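Novice: Counted from 1, the sequence shown has number 146 at position 120 by the working numbering; the numbering is strictly sequential.
Backbone N, C-alpha and C define an ideal beta-carbon position, used for all residues, glycine too.
From a predicted model like this one, the values you see are computed outputs, not experimental measurements.
Structure provided below as structure tokens; questions to follow.
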Amino acid sequence: MILISGGGPVPLNPQPCQLFCLPSFILACLKPFVVWSFRRMGFHAHTSQDTIQSSDAFKVPSYVLRAMMMGQTWSEGDEQFHSDLMVPTLLIYGNHDNFVTLDEETYMHETIYGSSLEVIEDASHMVMLECPEKLNELILQFLRRDVSTQSEALLANNSRPGCSSISEVKNTASTIHESQVSLNTPSVT
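Below, the structure is given as structure tokens:
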């Protein structure tokens, strides 16, 4: 799993009615200001204007922008949910993010067992547009890592509640396989 500027392990709850609650036709009138504000806050000061202006990220109708912002609700995404994750996870954070703090990202890193946190300098919230080569390099390294040893290390750690040792997992898998084989074997009468 790869999360970019994802923030901390806290539920996303519906926000009180603000700008994005306005009717679409009013939001359409305000969209240039909204886009200008986000570009100012979402990109690092050293990001080239060509990169910022050429971004297709904001070339959506105002009703799509509103649906995206209003749809950011996920009450189940709390610390318990994230601490139960047992998949390799890469967290990527732009060091100058104005929407997510490094403390929030570090909290997520500490919550997701075995996760990796990479901080990209000279990037803000829009890391994928500001530093695409660095981002791609980090993702490629993450995908090429030796997952067999990481998976065994995760499972071998019995200090977390609910974690099984690798031998328990292998024994369970063997038992399930034997049960399936016996169910699929025709009986002779």
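What does the Cβ neighbour count give for residue 66, buried or exposed, with the cut at 16 atoms within 10 Å?
Specialist: Here residue 66 refers to the residue found at position 40 when the sequence shown is read from its first residue. So residue 66 counts as exposed.
Novice: How many whole angstroms separate the CB atoms of residue 36 and residue 104, which I take to be in contact at a CB cut-off of 8 Å?
Specialist: As a first step, residue 36 is located in the sequence shown; it is residue number 10 there, counting from the start. As a first step, residue 104 is located in the sequence shown; it is residue number 78 there, counting from the start. The pair is a contact, with the Cβ atoms about 7 Å apart (cut-off 8 Å).
Novice: If we count Cβ pairs, one from each stretch, closer than 8 Å, do we get three or more for the region 107 to 124 versus the region 138 to 158?
Specialist: Verdict: yes, contact present.
Novice: Going by C-alpha distance, which of 73, 102, 108 and 99 is nearest residue 149?
Specialist: Sequence index remark: in the sequence shown, residue 149 carries index 123 (1-based). Measuring from the Cα of residue 149, the nearest candidate turns out to be 73.
Novice: Would you kindly report the start and end of the unbroken alpha helix (DSSP H) that includes residue 34?
Specialist: Stepping through the sequence shown from its first residue, residue 34 is reached at position 8. Looking at the DSSP string, residue 34 is not in any alpha helix (DSSP H), and its letter there is neither H nor E.
Novice: Nearest to residue 85 by alpha carbon, out of 147, 168 and 61?
Specialist: Here residue 85 corresponds to residue number 59 of the sequence shown, with the count starting at 1. Residue 85 has its Cα closest to that of 61, out of 147, 168 and 61.
Novice: Whole angstroms are fine: how far does the CA of residue 95 sit from the CA of residue 172?
Specialist: Residue 172 sits at position 146 when you count from the first residue of the sequence shown. Residue 95 sits at position 69 when you count from the first residue of the sequence shown. Taking the straight line joining both Cα atoms gives about 37 Å.
Novice: Taking 8 Å as the threshold (C-beta atoms), are residue 88 and residue 115 in contact?
Specialist: As a first step, residue 115 is located in the sequence shown; it is residue number 89 there, counting from the start. As a first step, residue 88 is located in the sequence shown; it is residue number 62 there, counting from the start. The answer is no: Cβ separation not under 8 Å.
Novice: Which of helix, strand or coil does DSSP assign to residue 52?
Specialist: Position 26 of the sequence shown holds residue 52. The answer is helix: DSSP assigns residue 52 an H, G or I state.
Novice: Please classify residue 185 as buried or exposed, where buried requires at least 16 neighbouring CB atoms within 10 angstroms.
Specialist: Your numbering for residue 185 matches position 159 in the sequence shown. Model confidence at residue 185 stands at a pLDDT of 46, short of 50, so the residue's coordinates are unreliable and nothing is read from them.
Novice: What alpha helix (DSSP H) runs, 4 residues minimum, are completely inside the region 58 to 91?
Specialist: Those alpha helix (DSSP H) runs which fall completely within the region 58 to 91 and span 4+ residues are 75 to 80.
Novice: Since residue 34 contacts residue 133 with CB under 8 Å, what's their CB separation in whole angstroms?
Specialist: Locating residue 34 in the sequence shown gives position 8, where the first residue counts as 1. Locating residue 133 in the sequence shown gives position 107, where the first residue counts as 1. Rounded, the Cβ-Cβ distance is 4 Å, consistent with contact.
Novice: From residue 80 to residue 109, what does the alpha carbon distance come to, in whole angstroms?
Specialist: As a working note, residue 80 is residue 54 in the sequence shown. As a working note, residue 109 is residue 83 in the sequence shown. Distance between the alpha carbons of residue 80 and residue 109 is about 38 Å.
Novice: Write down the C-beta distance between residue 143 and residue 153 rounded to the nearest angstrom, noting that I regard them as a contact closer than 8 Å.
Specialist: Here the question's residue 143 lines up with position 117 in the sequence shown. Here the question's residue 153 lines up with position 127 in the sequence shown. Rounded, the Cβ-Cβ distance is 13 Å, inconsistent with contact.
Novice: When DSSP labels each residue in this structure, what does residue 111 get in the three-state scheme?
Specialist: Here residue 111 refers to the residue found at position 85 when the sequence shown is read from its first residue. The answer is coil: DSSP assigns residue 111 none of H, G, I, E or B.
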